[in-house]
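Each step along the sequence shown adds one to the number in my numbering, with nothing skipped, and position 43 is 1340.
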Amino acid sequence: MTLVLPHNEIFSDTFHFTAILTSQRKGALTPGAPLDSLMLDPITGKCYSELIWQERPYTRPIFAFVKQHVEEL
């Protein structure tokens, strides 16, 4: 992920998460996240599309990354 801020400030990082990919869609199709209805969280067993954004494992490091750099402004 790359975050570009005013005055040519650029921050990059890589994120990893574990998911179980299924062949059958479960839950609603989420605009902007089409694979969420096919991915299961291995800890809860829930489909990512059934979780709110803050509960989805891959969003936590993204929120933290953006928050860290925006607070530095």
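In this text, a Cβ means the ideal position worked out from N, Cα and C, and glycines have one as well.
Close CB contacts of residue 1323 within its chain, under the 8 Å cut and outside five residues either way in sequence, are with 1334, 1335, 1337, 1344, 1346, 1347 (chain order). Comparing alpha-carbon positions, the option among 1339, 1308, 1360 lying closest to residue 1319 turns out to be 1339.
Assignment of residue 1360 by DSSP, reduced to helix, strand and coil, places it in the helix class. About 15 Å separates the CB atoms of residue 1341 and residue 1350; that is not less than 8 Å, and the two are not in contact.
Annotation for residue 1299: the continuous beta strand (DSSP E) segment containing it runs 1299-1302.
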